[in-house]
Amino acid sequence: MMYLNSTSTAIYTISENDTHEYTSILEISNQLARVLIPAAVFFCIILVSGVIGNIMVLIVYGFRIKKTAYSILILILAALDLMTCLLGVPYHIVSVVYPLMFVWNGFCKSVSFILHFTTMSSAFIVNIIAYDRYRKICRPFQSQLSLTRIKRDSFFVITVSVILATPVLVIYGSTAEETDIANLTGTVCFIRQEFSGTLFHQIYDGIIFLLFIVLLIFMISMYINVGRRILKLRALKRKTSNSASETAATRESKDWNTIKMLQKKTQGEENATTISMAPKRNNQDNSYRSSEKLTHCKIKTD
Numbered sequence: 001m002m003y004l005n006s007t008s009t010a011i012y013t014i015s016e017n018d019t020h021e022y023t024s025i026l027e028i029s030n031q032l033a034r035v036l037i038p039a040a041v042f043f044c045i046i047l048v049s050g051v052i053g054n055i056m057v058l059i060v061y062g063f064r065i066k067k068t069a070y071s072i073l074i075l076i077l078a079a080l081d082l083m084t085c086l087l088g089v090p091y092h093i094v095s096v097v098y099p100l101m102f103v104w105n106g107f108c109k110s111v112s113f114i115l116h117f118t119t120m121s122s123a124f125i126v127n128i129i130a131y132d133r134y135r136k137i138c139r140p141f142q143s144q145l146s147l148t149r150i151k152r153d154s155f156f157v158i159t160v161s162v163i164l165a166t167p168v169l170v171i172y173g174s175t176a177e178e179t180d181i182a183n184l185t186g187t188v189c190f191i192r193q194e195f196s197g198t199l200f201h202q203i204y205d206g207i208i209f210l211l212f213i214v215l216l217i218f219m220i221s222m223y224i225n226v227g228r229r230i231l232k233l234r235a236l237k238r239k240t241s242n243s244a245s246e247t248a249a250t251r252e253s254k255d256w257n258t259i260k261m262l263q264k265k266t267q268g269e270e271n272a273t274t275i276s277m278a279p280k281r282n283n284q285d286n287s288y289r290s291s292e293k294l295t296h297c298k299i300k301t302d
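The sequence shown lines up with residues 1 to 302 when you count with the UniProt record's numbering.
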């Protein structure tokens, strides 16, 4: 039983649509390389952008940001992605350029192991990040993940990833690929024929598949709880803001009414004072006039 990959699919396309009679595996490989040029360009773009982006992340989080549990996890994730870009993407480019002539068995095994290792490690680290965010947002008053625990957990999941990726060194390798064209056989980096479809291979693939399903469910559940918590906090903040606005408006209205009452009271007191002062002034004026009359009379008498 042979598992189809991109190379075998391209071979099938050539055999169906091309009437040229190929006489060597090199000729078929070159024809496949021309068909897979868009894939090669795509991998080159990923290589350049991935290397630049991950190096920038390593510089920023490694030297310009304070070391926290989150920054350590981002550093580890960026290092794993950079390893994938530097080793995994060139492997795919070589597979596209030499689709039926991948004769480097050691390189095939090493890169296949690294790709499985980095993929599983990244999946574990992403789940730790999800759990850290869940603790910070949904359980803010409980104990949080410390730097020591983050380093210990990261070392643990990386060790587990190495163990889980070890069977790849046996399962994968440079193996023969039948082309169905002029009875020519090429060499590709894929599952070795002696392990293809065996019980060992099926059990290994089943374990890896179940592991990723469990990790995916765990991560989704963490972010669902985080999303619910954020929505509740936003609703509470909006409600509190509206209540504060209503309270402020009520207080301003009361203050304005109080000011008006004070103004009216002050005006009333001023009017009352003016009215009460009027008789006194009249009495003073009358007494002053009386004294003037008496003085005038005395002068005449003299």
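Quick reminder that beta carbons are idealized off the backbone N, C-alpha and C, glycines included.
- Task: With DSSP collapsed to three states, give me the class of T148.
- Result: Note: T148 maps to helix in three-state DSSP.
- Are the beta-carbon atoms belonging to R133 and V226 less than 7 Å from one another? Yes, they are a contact pair.
- Query: Tell me, which residues are paired with S174 by DSSP?
  - Reply: C189.
- Item | Length of the line joining the Cα atoms of Q193 and M56 | Approximately 41 Å, taken between the alpha carbons.
- Task: To the nearest angstrom, report how far apart Y22 and L100 are at their CA atoms.
- Result: For Y22, the predicted model reports a pLDDT of 48, less than 50, meaning its position is unreliable and no value from the coordinates is stated.
- Task: Round the Cβ separation of L58 and G88 to the nearest angstrom and send it over; I've been treating them as touching at under 8 Å.
- Result: The beta-carbon separation of L58 and G88, rounded to 17 Å, does not stay under the 8 Å limit for a contact.
- Query: Hey, how far is the Cα of residue 306 from the Cα of F113?
  - Reply: Nothing can be reported for residue 306, as the shown portion of the chain is limited to 1 through 302.
- Query: Within 10 angstroms of its Cβ, does K232 collect 16 or more other Cβ (buried), or is it exposed?
  - Reply: That one is exposed.
- Cβ neighbour criterion (16 or more within 10 Å) applied to V94: Classification for V94: buried.
- Task: Buried or exposed for L210, please, with buried defined as at least 16 other CB atoms from any protein chain shown within 10 angstroms of its CB.
- Result: Exposed: under 16 other Cβ atoms inside 10 Å.
- Task: Measure the CB-CB distance between T187 and V96 and report whether it falls below 7 Å.
- Result: At the C-beta level, T187 and V96 stay beyond 7 Å of one another.
- Query: Could you give the C-beta distance for F195 and A123, rounded to a whole number, given that I count them as a contact under 8 Å?
  - Reply: Under the criterion of beta carbons closer than 8 Å, F195 and A123 do not qualify as touching, at roughly 24 Å.
- Message: Checking the sheet assignment: what are the DSSP bridge partners for M101?
- Response: Beta-bridge pairing links M101 to T187.
- Query: Between C138 and I217, what straight-line distance do the alpha-carbon atoms span, to the nearest angstrom?
  - Reply: Put simply, the backbone Cα of C138 is about 18 Å away from that of I217.
- Go ahead and pull the three-state DSSP assignment for T119. Note: T119 maps to helix in three-state DSSP.
- Item | Inter-stretch contact at 8 Å, needing at least 3 Cβ pairs: the segment 139-148 / the segment 169-179 | In this structure the segment 139-148 does not lie against the segment 169-179, because fewer than three pairs of beta carbons, one per stretch, are closer than 8 Å.
- Give the range of the alpha helix (DSSP H) segment to which G197 is assigned. Counting along the chain, G197 sits inside no alpha helix (DSSP H), nor does DSSP assign it H or E at all.
- Burial state of I28 (16 or more Cβ within 10 Å): A residue is called buried when at least 16 other Cβ atoms come within 10 angstroms of its Cβ; I28 meets this threshold and is buried.
- Item | Where the alpha helix (DSSP H) containing A51 begins and where it ends | One point to set straight first is that residue 51 is Val, not Ala, in the sequence displayed. Per DSSP, V51 belongs to the alpha helix (DSSP H) from 37-59.
- Item | residue 310, buried or exposed, once every other Cβ within 10 Å from all chains shown has been counted against 16 | There is no way to answer for residue 310, as the model of the chain reaches only from 1 to 302.
- What are the start and end residues of the alpha helix (DSSP H) that includes I72? If you look at I72, you'll find it in the alpha helix (DSSP H) that goes 69-83.
- Relative to the C-alpha of P38, which residue among M219, H92, G50, T84 is closest? Shortest Cα-Cα distance from P38 to any of M219, H92, G50, T84 involves H92.
- Message: Can you check which of these residues, V41, L32, L80, T68, is closest to S146 by C-alpha distance?
- Response: Checking every option, the nearest Cα to that of S146 belongs to T68.
- Task: Just tell me which of L169, G197, C44 has its CA closest to the CA of K109.
- Result: Here the closest residue by C-alpha is L169.
- Neighbour-count burial assignment, residue 307, 16 or more Cβ in a 10 Å radius: Residue 307 is absent from the model: the chain starts at 1 and stops at 302.
- Message: Considering only their Cβ atoms, is the gap separating S161 from S121 smaller than 7 Å?
- Response: Yes.
- Label V111 either buried or exposed according to how many other C-beta atoms from any shown protein chain fall within 10 Å of its C-beta, with 16 as the threshold for buried. Around the Cβ of V111, a 10 Å sphere holds 16 or more other Cβ atoms; the residue is buried.
- If you draw a straight line from the C-alpha of A78 to the C-alpha of I72, how long is it? A78 and I72: Cα-Cα distance of roughly 10 Å.
- Per-residue burial, T118 [other beta carbons within 10 Å of its own, 16 or more giving buried]: Buried, because 16 or more other Cβ atoms sit within 10 Å of the Cβ of T118.
- Query: Just how far apart, CA to CA, sit G106 and G50?
  - Reply: About 25 Å.
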